[in-house]
């Protein structure tokens with residue numbers, strides 16, 4: 001997992017933080033959060049909150065007191081221990097695109113299939129810059145709806161050795177994913193609040209619980225949230241806010257709402273299981289007010305990222321930024337690149353601990369695109385280097401190089417250069433510096449065409465990570481049995 | 001001129017600043033700067049610096065003392081007073097691409113012509129986001145070499161009412177540009193150190209003096225620098241550093257070199273004319289160490305921008321960032337967009353007072369491209385909005401909107417939204433949020449194709465700004481007379 005030791009870009013004055021804090025406090029107190037789930041409401045009632053039907057009016061002091069049990073840092077276990085993802089502090093974990101129903105590669109654009117998902121998962125395994133596949137990176141529309149969470153979890157467990165998400169669509173799904181994590185991590189506790197060898201709490205599965213914004217958690221999401229929390233598994237509690245639709249057309253107002261919604265969900269996880277790992281989620285963008293379509297990569301979402309990160313740190317919570325590399329563009333072109341890059345660089349500046357939608361997102365998230373995936377991996381490589389601190393000391397001044405070259409010469413052959421030329425600069429794998437004539441001779445392939453070659457090459461190089469055969473068999477048997485039980 | 005009141009992104013600790021300071025001091029003292037010009041050397045000798053042939057060994061205390069007369073803020077006069085560009089403080093002025101020999105628009109790629117330059121200048125005049133055309137935005141290869149500075153200056157004076165650059169290729173060119181500025185700004189002093197009505201010093205012309213890095217100023221550049229300084233006209237003293245070629249393969253080393261070179265040139269302007277406006281220039285990138293080709297938009301140049309801005313502020317000098325929207329890409333594709341956006345967003349974070357190469361740069365600066373120009377204007381619009389501070393107060397929380405919509409509804413029809421929907425969000429003019437089917441129906445035009453429509457539309461909408469006919473005639477007569485004298 002990448003460690004971002006560069007400064008955070010903070011835009012909120014202490015006064016502004018106070019205003020936003022008053023904002024979410026007033027929302028949770030006066031309007032309240034709707035939890036459409038009996039047990040959730042009961043948990044809040046027992047802790048002394050004011051209930052009105054399914055609406056919970058929260059005492060802000062209770063909220064701030066309750067979130068104190070959230071671990072500021074935790075480890076998300078991968079079956080390859082070296083790939084266990086630390087979440088919190090200066091650490092940043094990156095996940096591929098999540099949720100798109102469509103798949104695009106080359107000239108093909110179609111409904112996603114299980115085979116398409118497999119391709120994305122292979123790419124995630126191949127590229128070290130990514131820590132987890134998406135949830136899922138493309139919807140396997142060719143599999144039966146009720147049991148596809150089994151196939152997907154089996155896929156993640158066998159095709160990668162990285163950490164992965166569990167399904168949060170229902171209680172049944174959550175329980176299956178937890179059981180499969182138990183099989184995969186045989187002999188290890190699913191949740192270890194205080195590992196014997198030291199280090200932060202460890203958990204085995206991450207799930208994304210989206211708020212049904214504004215100010216409502218629906219029944220199925222709450223079922224999953226409660227199920228995972230009981231098992232000590234981490235949730236990413238995420239208000240999904242497009243300003244103009246699910247939030248007011250004002251960044252401060254949306255930030256206040258986001259904080260109210262996310263903190264309320266975080267509190268619920270701690271009521272179920274104090275100390276359970278949980279992530280303060282955010283996903284904030286706008287809609288195009290002329291068409292009502294979502295818009296990404298604009299100035300409002302960048303400012304929202306800066307403010308969200310600052311507030312998450314203010315409350316001492318691990319923080320997820322929505323994306324990543326977000327764009328409304330229909331194809332992997334200049335717009336896809338600049339909208340995606342604006343979201344991603346602004347995210348690095350804001351410093352999330354989990355950055356979702358970091359590779360492959362296209363068409364406002366409707367499409368998982370392999371060319372865009374490659375472009376985004378180039379972004380990740382670039383920005384991981386860009387957010388690695390410069391070492392500035394006497395040696396870095398390389399006075400001897402200046403003394404060698406002196407006036408009007410060049411450094412190409414200087415001793416200092418010769419010793420370092422292989423590693424001195426970031427080396428892109430997608431970008432080209434070829435001169436025009438050579439580029440034309442070689443076929444005038446633009447970035448997207450080159451990205452198409454890169455994902456094909458990466459798929460060829462993909463190697464399935466070894467897995468204990470008895471664990472694989474046990475997972476397969478679980479899938480077969482449960483599929484039958486679910487009637488698929 | 002845009003005012004950037006967002007925080008600067010600073011990555012240097014006080015210790016790091018000290019190390020870099022020791023770095024440039026050692027360079028100017030021990031290695032010295034080569035000034036290939038008798039008068040320049042004589043000025044340094046008279047001020048007590050140690051001279052060795054044409055190499056000037058500078059006393060760092062003398063450097064720091066001498067730059068104290070540089071105005072931290074000045075106004076660069078435009079003939080339309082509303083477009084006078086304030087340089088310094090939180091102000092950021094933007095100029096179009098400068099220097100490319102080639103021109104590209106649509107499928108055409110050719111040697112630039114005067115007509116091509118005219119098109120770029122019209123676009124600069126059309127888009128408010130830009131404050132000056134380039135120097136020149138494309139080389140008019142179809143005009144005689146010795147007199148084309150006359151035609152270009154006439155073009156800028158008549159086709160725009162914005163401020164513009166003077167030629168720094170020779171003393172003759174500089175003197176002609178100064179005379180033409182005198183004609184254009186009839187009755188006004190070319191340099192007004194203390195305007196009667198208050199405000200910062202005013203100057204009428206800006207020129208770019210590139211250092212012949214490493215550590216050398218050549219004769220022609222010094223002629224221009226001295227000529228402009230005598231007339232109280234501003235220079236942008238710019239080390240043009242590609243690490244690996246003109247600087248060592250180390251960002252701190254290159255920053256020390258850049259500071260040594262730029263400060264030495266700034267000092268010279270103050271020896272000629274204390275109080276003369278001058279800008280600390282920077283242009284820092286890398287070469288591809290495999291091919292030797294220049295590379296742009298990478299992590300090293302971003303860190304260089306952050307460090308350069310911080311040092312320029314440390315010395316209290318107006319600062320120029322190299323670009324802008326820099327890329328090595330051969331075409332206006334995803335790479336052009338992400339490299340350009342990385343440079344430009346990093347520049348906004350670093351906070352230059354003059355940002356050159358802000359629109360139209362392609363192919364490592366060999367090409368002025370009209371499609372890229374439009375893409376870059378979209379960047380400028382986005383980032384000027386992104387770097388406008390959020391107002392965070394009680395009203396911005398829009399509690400009444402939350403109170404109206406409450407739980408699980410939407411804000412599309414809320415009163416707060418209805419009152420603001422026209423202006424609440426940044427509206428891109430190039431980016432598209434159309435859904436895929438509609439986008440395909442309308443011709444599946446990618447960003448570059450749409451940019452092609454946009455520059456054509458902008459050229460149609462271009463209106464030549466009115467200019468006093470007697471001034472225009474006087475400029476034309478000057479051009480005719482001087483062209484004859486120069487033998488073209």
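Residue numbers (my numbering), protein chains in the order written: chain A, 1 to 488; chain B, 1 to 488. Beta carbons: idealized from backbone N, C-alpha and C, even for Gly.
Backbone CA spacing between residue i and residue j [nearest angstrom]
i                      : j                      : result
residue 68 of chain A  : residue 203 of chain A : 18 Å
residue 122 of chain B : residue 422 of chain B : 29 Å
residue 340 of chain A : residue 375 of chain A : 10 Å
residue 28 of chain A  : residue 57 of chain A  : 6 Å
residue 268 of chain B : residue 142 of chain B : 35 Å
residue 60 of chain B  : residue 10 of chain B  : 24 Å
residue 175 of chain B : residue 165 of chain B : 13 Å
residue 260 of chain B : residue 3 of chain A   : 33 Å
residue 168 of chain B : residue 207 of chain B : 6 Å
residue 78 of chain A  : residue 159 of chain A : 12 Å
residue 104 of chain A : residue 367 of chain A : 6 Å
residue 380 of chain A : residue 343 of chain A : 12 Å
residue 226 of chain B : residue 440 of chain B : 58 Å
residue 221 of chain B : residue 33 of chain B  : 14 Å
residue 171 of chain A : residue 230 of chain A : 12 Å
Which of helix, strand or coil DSSP assigns to residue i
i                      : result
residue 75 of chain A  : strand
residue 16 of chain A  : helix
residue 27 of chain A  : helix
residue 210 of chain B : strand
residue 246 of chain A : coil
residue 396 of chain A : helix
residue 281 of chain B : strand
residue 406 of chain A : coil
residue 235 of chain A : strand
residue 54 of chain B  : coil
residue 195 of chain B : coil
residue 481 of chain B : helix
residue 202 of chain A : strand
residue 294 of chain A : strand
residue 165 of chain A : strand
residue 11 of chain A  : coil
residue 215 of chain A : coil
residue 44 of chain A  : helix
With 16 other Cβ atoms within 10 Å as the buried cut-off, status of residue i
i                      : result
residue 252 of chain A : buried
residue 499 of chain B : Nothing about residue 499 of chain B can be reported from this structure: the residues present for chain B run from 1 to 488 only.
residue 53 of chain B  : exposed
residue 480 of chain B : exposed
residue 145 of chain A : exposed
residue 418 of chain B : exposed
residue 386 of chain A : buried
residue 213 of chain A : buried
residue 88 of chain A  : buried
- Message: Please list, in chain order, the residues of the segment 276-290 of chain A that have any C-beta partner in chain B closer than 7 Å.
- Response: If you check each beta-carbon in the segment 276-290 of chain A against every beta-carbon of chain B, the ones closer than 7 Å belong to 286, 288 and 289.
- Task: Return the residues of the segment 321-340 of chain A that lie within a Cβ-Cβ distance of less than 9 Å from chain B, sorted by chain order.
- Result: Residues passing the 9 Å Cβ filter: 327, 328, 329, 330, 331, 332, 333, 334, 335, 336, 337, 338, 339 and 340.
- Task: Quick one: which unbroken alpha helix (DSSP H) runs of 4-plus residues sit fully inside the segment 419-465 of chain B? Chain order, please.
- Result: If we require 4 residues or more, the alpha helix (DSSP H) runs fully inside the segment 419-465 of chain B come out as 436-441 and 447-461.
- Residues from the segment 209-243 of chain A in contact with chain B, defined by Cβ distance under 9 Å: So the list reads 212, 213, 214, 215, 216, 218 and 243, given in the order they occur along the chain.
- Segments of 3+ residues assigned as beta strand (DSSP E) that fall wholly inside the segment 68-124 of chain A: Look at the segment 68-124 of chain A and you find these whole runs of beta strand (DSSP E), each 3 residues long or longer: 73-76, 85-88, 91-94, 102-105 and 108-111.
- Message: Give me the subset of the segment 453-470 of chain A whose CB atoms are less than 8 Å from a CB atom of chain B, sorted by chain position.
- Response: Taking 8 Å as the Cβ-Cβ cut-off against chain B, none of the residues of the segment 453-470 of chain A qualify.
- Quick one, which residues of the segment 158-179 of chain A are near chain B if we go by CB-CB under 9 Å, in chain order? Within the segment 158-179 of chain A, no residue has a Cβ that lies closer than 9 Å to any Cβ of chain B.
- Message: Which complete alpha helix (DSSP H) runs does the segment 131-162 of chain A hold, if anything under 4 residues is left out?
- Response: Entirely contained in the segment 131-162 of chain A, the alpha helix (DSSP H) runs reaching 4 residues are, in chain order, 148-159.
- Which ranges does the alpha helix (DSSP H) cover as unbroken runs of at least 4 residues, wholly within the segment 348-390 of chain A, from first to last along the chain? Whole alpha helix (DSSP H) segments, 4+ residues: 370-386.
- In the segment 397-421 of chain B, which residues sit with their C-beta less than 8 Å from some C-beta in chain A, listed in chain order? Answer in chain order: 397, 398, 399, 401, 402, 403, 405, 406, 407, 408, 409, 410, 411, 412, 414, 416, 417, 420 and 421.
- Message: My parser needs the alpha helix (DSSP H) runs of 4 or more residues fully inside the segment 295-351 of chain A; what are they?
- Response: Entirely contained in the segment 295-351 of chain A, the alpha helix (DSSP H) runs reaching 4 residues are, in chain order, 299-314 and 334-350.
- Quick one, which residues of the segment 245-258 of chain A are near chain B if we go by CB-CB under 7 Å, in chain order? Answer in chain order: 245, 246, 247, 248, 249, 250, 251, 252, 253, 256 and 257.
- Task: Give the residues from the segment 369-384 of chain B that approach chain A closer than 7 Å (Cβ to any Cβ), ordered along the chain.
- Result: Listed by position, the residues of the segment 369-384 of chain B near chain A (Cβ gap below 7 Å) are 375, 379 and 382.
- Using a Cβ cut-off of 9 Å, which residues of the segment 289-303 of chain B contact any Cβ in chain A, in chain order? Those residues of the segment 289-303 of chain B that come within reach of chain A (Cβ to Cβ, closer than 9 Å) are 289, 290, 291, 292, 293, 294, 295, 296, 297, 298, 299, 300, 302 and 303.
- Query: Relative to chain A, which residues along the segment 54-69 of chain B have a C-beta separation below 9 Å, given in chain order?
  - Reply: Residues passing the 9 Å Cβ filter: 54 and 55.
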